[in-house]
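In the numbering used here, the protein residues as written are 3 to 529.
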């Protein structure tokens, strides 16, 4: 339950150690000279947003720390209401996965690539601006000095991230104190806290300006957040379809057709329709997969293929397979490391734990998956950038579906790396500890993919085997012939081994570039 405290007039809901939102209405400092409308003048106040024990609105102003952002709050409350469904359900970034958080990604992708035509450049900026307007707190500032905070859905959580963009014309003495932060909050907890304060704040405004049609409209809009049946709209945002509810309904109809006649429990396990509240769709990892959240080009045929696969893979109780998988690693132990570094640590650990033949000169990932009871199958998906799909959960046997249409090809080296990558998802990426449904490709969460790639490299090319093969190689590691020889011994691609040796510090960036250039100029090695 959300912890709520109220005074006259301010309110905060939630726990600052996790997530909290607060609003205060204060005496208007402009007094009778304020030329704002009555409802705007009445909304003068402040707000705070807390995540992970940090006040993201705290800032330095003329040498003093101010705990809240102050301004007219009516536009902010309207924005929060208008963008509610997108804020809590839209995960996919507007242009590409170019950062580990929404704040970082938007900062990186703000400037269009120079190769775009003028028309395409305008389209790029339109998409960027539209997404920013739905997710950036500053989209509602209307002249106020608001923090650079972004809110978006991230798998089963609400991601709260901050940037460091300075507002034009603001003096150097003014600065927010928590730039470059990222937190994941349980989405239903966050929705409850936001809604509690929003409802109370809007009711207080209505009491102060009872004749305002603008405030009355806002009261109705806030009421509709919990009363109206908004599941289709919210699922469309969750699926990455934006306001295209019609396309979501088409995909949902295809999924329902496959599920027609399926046991109701299995149906709920797959689509997760019982996980919605009046404020937010919790959904399931499987539902986001089926409806296209992890690929912008998901077709009706893809939805059918994926749903059919999950129906066939459904079991009453997957605990026998769960018991065979090692316990999920505690990511908190390496929380200060980058995603790639985390993957490297876990890949080495998993290799030591799961590869029991100490005399083996290469890692047989097929045998490891077999011992763990991980099933393998093929699936045809329309997006060539998707290498594979992994699923696992309380009623889904751990299974890796390799995409036969992937642009990466189907060489043995590619297959082995793909399987090791998917093993990382099964071990490390259980959504809220119980479900995995990941389509490995450029639209999967970037940190998740980077960790899985590094895991696969460390798992297939552990340092103990690299030392052995490099010690017996015909030449130094800096030579392409040596790398090719060791790659053949480990049954990995030359390109993967070049990257692995570079990451382990075997050679510097210049030597890495030279080897990559020579490799590209040589005949293809299959990876």
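Heads up, the beta-carbon is just placed ideally off N, CA and C, and yes, glycines get one too.
Quick caveat, the model's predicted, so the values are computed rather than measured.
By the Cβ criterion, the segment 83–96 is in contact with the segment 146–160, since at least three pairs of Cβ atoms, one from each stretch, lie closer than 8 angstroms. With distances taken between CA atoms, residue 251 lies nearest to 293 out of 520, 365 and 293.
According to DSSP, residue 356 shares a beta bridge with no other residue.
Beyond the five residues adjoining it in sequence on each side, residue 396 comes within less than 7 angstroms, by CB distance, of 320 and 436 in the same chain, given in chain order.
Residue 486 has its alpha-carbon roughly 39 angstroms from the corresponding atom of residue 325. For the pair residue 19 and residue 57, the Cα-to-Cα distance works out to about 10 angstroms. Rounded to whole angstroms, the Cβ separation of residue 463 and residue 492 is 6 angstroms, and the two are in contact under 8 angstroms.
In the DSSP assignment, residue 74 falls within the beta strand (DSSP E) that extends over 71–74.
Contact check for residue 247 and residue 238: beta-carbon distance about 5 angstroms, within the 8 angstroms limit, so the pair qualifies. For residue 505, the three-state secondary structure derived from DSSP is helix.
Look at residue 215 here: in three-state DSSP terms it is helix.
In this structure, the CA atom of residue 104 is about 9 angstroms from the CA atom of residue 138. Using a 10 angstroms sphere on the CB of residue 235, the tally of other CB atoms reaches 16 or more, which defines it as buried. By the Cβ rule, the segment 404–413 does not count as touching the segment 255–274, because fewer than three pairs are nearer than 8 angstroms.
Counting only runs of at least 3 residues, the segment 115–199 fully encloses the following beta strand (DSSP E) elements, listed from N- to C-terminal order: 151–156, 159–164 and 184–188.
Closest in alpha carbon position to residue 446, among 461, 515, 77 and 291, is 291. In the assembly as shown, residue 309 is a buried residue. Its beta-carbon has 16 or more other beta-carbons within 10 Å. Residue 127 has its alpha-carbon roughly 10 angstroms from the corresponding atom of residue 121.
Fewer than three Cβ pairs drawn from the segment 30–38 and the segment 211–221 lie within less than 8 angstroms of each other, which leaves the two stretches out of contact. Counting the other CB atoms within 10 Å of its CB gives residue 124 a total below 16, which places it among the exposed residues. The beta carbons of residue 40 and residue 207 sit about 11 angstroms from each other, so the pair does not count as a contact at 8 angstroms.
Collapsing the DSSP output to three states places residue 400 in a strand. In the DSSP annotation of this structure, the continuous segment of the beta strand (DSSP E) that includes residue 16 starts and ends at 12–17. Nearest in C-alpha terms to residue 303, of all of 355, 467 and 384, is 384.
In terms of CA proximity to residue 301, 382 leads the group 461, 218 and 382. Just so you know, the alpha carbons of residue 448 and residue 344 end up roughly 13 angstroms apart. In the DSSP assignment, residue 425 falls outside any beta strand (DSSP E) and within the unbroken alpha helix (DSSP H) covering 414–430. Residues of the same chain with a CB within less than 8 angstroms of the CB of residue 102, apart from the 5 flanking positions on each side, are 184, 341, 448 and 449 in chain order. Put simply, the segment 48–57 does not touch the segment 106–117. Fewer than three CB pairs are less than 8 angstroms apart. Within 10 angstroms of the beta-carbon of residue 10 lie fewer than 16 other beta-carbons, which makes it exposed. Nearest neighbour of residue 176 by Cα position, chosen from 412, 70 and 430, turns out to be 70. Residue 431 is classed as buried because its beta carbon has at least 16 other beta carbons within 10 Å across all chains shown.
Here DSSP, grouped into helix, strand and coil, assigns residue 376 to coil.
For residue 28 against residue 200, the beta-carbon gap comes to about 18 angstroms, at or over 8 angstroms, which does not count as contact. Inter-segment contact for the segment 491–508 and the segment 464–478 is present: three or more beta-carbon pairs are separated by less than 8 angstroms. In this chain, the alpha helix (DSSP H) harbouring residue 487 covers 482–492.
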